[in-house]
Amino acid sequence: MPVFKAFFAIAKKRRNAALIYLGVYAVITLLLSALSQDSINENFKASQRSIAITDEDNTDASRALCDYLASIHQVTTPEPGEDTALLDAIYYRTLNYAMVIPEGFEDRVLAGETKDLVSSLTIPGSSSSQYVDNQITQYVQALQLYLAGGDTIAEAIDHTDHTISDLPKVSVTSFQMSDADTNSMVFYFFQYLPYIFLAILFAGMAPILVTLNSRDMKARTACSALPGRTRTLAMASGCLLYSLGIWLLFLLLGLVFYRKAMLQPYVGYAILNSLAFLLFTTALSLLISTFSPDDNVLNMLANIVGLSMSFLCGVFVPQSMLSGSVLAVGRFLPAYWYIRANNMLAGFGKEVFDLGFYWKCIGIQFLFAAAMFALTAVAARQRKGLSL
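Next up, the structure:
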């Protein structure tokens with residue numbers, strides 16, 4: 001009990017760091033909710049979407065396609081060199097679709113080609129991107145049908161425009177979860193938890209363990225009648241309660257922001273996923289604390305480990321936008337498997353939910369946690385031998 005009480009007495013003195021990260025994450029969640037409110041994986045209707053078109057061909061056929069899309073959607077023409085801005089706009093869902101019509105488009109249409117006529121940048125698997133892709137394909141195929149019948153390009157465009165305008169108006173419904181706006185925001189809430197857990201436990205819990213593992217504290221405990229096993233059990237209990245307390249605080253935060261969506265059965269999978277990563281983060285904090293780093297080193301490690309794992313594994317940037325080499329490195333980190341499971345649950349990046357693969361992701365995270373606990377035990381024994 002003395003060690004257990006000492007753990008939380010130190011935690012009370014260091015609560016400010018944890019509270020700061022809690023406040024920062026609450027603000028981030030509110031911002032994501034505001035940005036995503038009307039645009040993330042929504043139940044889709046055939047309505048105007050936001051499209052950016054770059055026409056590098058500038059021929060009758062390419063201009064006709066642009067005019068057709070402009071008659072349905074909100075079309076803008078980006079300035080040269082705005083690739084990064086387009087990526088940001090698509091990531092934050094202020095733009096639904098970015099398209100480039102390359103040079104030679106009209107020649108390829110006249111030649112009867114149908115594949116890769118245009119290049120596009122979208123949210124993979126979204127109903128909006130599929131809808132626009134279908135419209136482009138529909139228009140090009142109709143145009144080629146009239147060309148095959150002997151029309152000139154001008155005649156084919158005129159006939160295609162009349163044919164398309166006479167088609168019945170349809171609605172397209174995304175076969176995803178109900179209340180999809182809120183559901184998607186729930187999974188964005190879970191997506192950012194790895195970075196937050198790493199930051200809070202490194203800044204809040206690791207310094208407590210460093211203090212308890214200091215030479216003076218160990219010597220004081222050794223002079224008492226407290227067995228070493230009891231001391232270890234008390235520290236482990238303190239770590240468990242501290243970590244679970246942080247975890248429950250964030251679940252409560254999610255419940256406040258998303259309410260009914262957090263009570264849906266499928267969110268239970270996301271909660272278990274976050275618990276698996278929490279266990280790994282706790283084990284990693286224990287491992288780091290055995291080397292007794294000071295607060296500056298802990299803060300540096302929190303930033304290095306948290307940011308590098310977040311960028312390599314798809315926390316801050318969707319995995320669908322990361323290169324193969326980056327993902328190859330990310331596979332060796334538990335956050336990669338956390339995000340893969342979260343992507344499957346949310347339907348991000350064309351991920352289809354597979355229960356078997358979900359349990360594989362959970363199992364890999366538990367294996368990482370077990371490896372960290374084993375390394376912690378080895379490191380503690382070696383340092384104990386050195387201190388003797």
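Each residue of the sequence shown is one higher than the last, beginning at 1 in our numbering.
Quick reminder that beta carbons are idealized off the backbone N, C-alpha and C, glycines included.
For the alpha helix (DSSP H) containing residue i, list its first residue and its last residue.
{"i": "I390", "result": "The structure shown does not extend to residue 390, since the chain is modelled only from 1 through 388, so no value can be given for it."}
{"i": "D158", "result": "153 to 165"}
{"i": "D295", "result": "295 to 313"}
{"i": "M344", "result": "334 to 346"}
{"i": "L198", "result": "193 to 200"}
{"i": "S323", "result": "Run containing S323: none; DSSP gives neither H nor E here."}
{"i": "T211", "result": "206 to 212"}
Starting from residue i and walking both ways along the beta strand (DSSP E), at which residues does that stretch end?
{"i": "M99", "result": "97 to 101"}
{"i": "A85", "result": "No beta strand (DSSP E) contains A85, which is instead part of the alpha helix (DSSP H) from 83 to 91."}
Please classify residue i: does DSSP put it in a helix, a strand, or coil?
{"i": "D107", "result": "helix"}
{"i": "G74", "result": "Reading off the sequence shown, one finds Gln at residue 74, where the question assumed Gly. Note: Q74 maps to strand in three-state DSSP."}
{"i": "I123", "result": "coil"}
{"i": "D57", "result": "coil"}
{"i": "S50", "result": "strand"}
{"i": "Y139", "result": "helix"}
{"i": "G268", "result": "helix"}
{"i": "T114", "result": "coil"}
{"i": "S289", "result": "helix"}
{"i": "N43", "result": "Because the pLDDT of N43 is 43, which lies under 50, any placement of that residue in the model is unreliable, and the number read from its coordinates should be weighed accordingly. The answer is coil: DSSP assigns N43 none of H, G, I, E or B."}
{"i": "G356", "result": "helix"}
Rounding to the nearest angstrom, what Cα-Cα distance links residue i and residue j in this structure?
{"i": "L31", "j": "R215", "result": "45 Å"}
{"i": "M344", "j": "L279", "result": "21 Å"}
{"i": "I246", "j": "L322", "result": "30 Å"}
{"i": "H73", "j": "A11", "result": "55 Å"}
{"i": "P78", "j": "L143", "result": "26 Å"}
{"i": "I304", "j": "S320", "result": "23 Å"}
{"i": "V186", "j": "N134", "result": "29 Å"}
{"i": "H159", "j": "T152", "result": "10 Å"}
{"i": "V3", "j": "Y266", "result": "39 Å"}
{"i": "L355", "j": "I362", "result": "11 Å"}
Under the rule that 16 or more other beta-carbon atoms within 10 Å means buried, what is residue i, buried or exposed?
{"i": "R15", "result": "exposed"}
{"i": "D107", "result": "exposed"}
{"i": "L252", "result": "exposed"}
{"i": "W337", "result": "buried"}
{"i": "E56", "result": "exposed"}
{"i": "Q365", "result": "buried"}
Would residue i pass as an interface residue toward chain B - the criterion being a Cβ-Cβ separation below 8 Å?
{"i": "I123", "result": "Absent from the structure: chain B. Only one protein chain is present."}
Per the contact definition of three or more C-beta pairs closer than 8 Å, is the stretch 141 to 155 in contact with the stretch 108 to 120?
-> Judged by Cβ distances under 8 Å, the stretch 108 to 120 makes contact with the stretch 141 to 155, as three or more pairs qualify.
Cβ contact (3+ pairs, closer than 8 Å) linking the stretch 287 to 296 and the stretch 366 to 376 = The stretch 287 to 296 makes contact with the stretch 366 to 376, as at least three CB pairs between them are under 8 Å.
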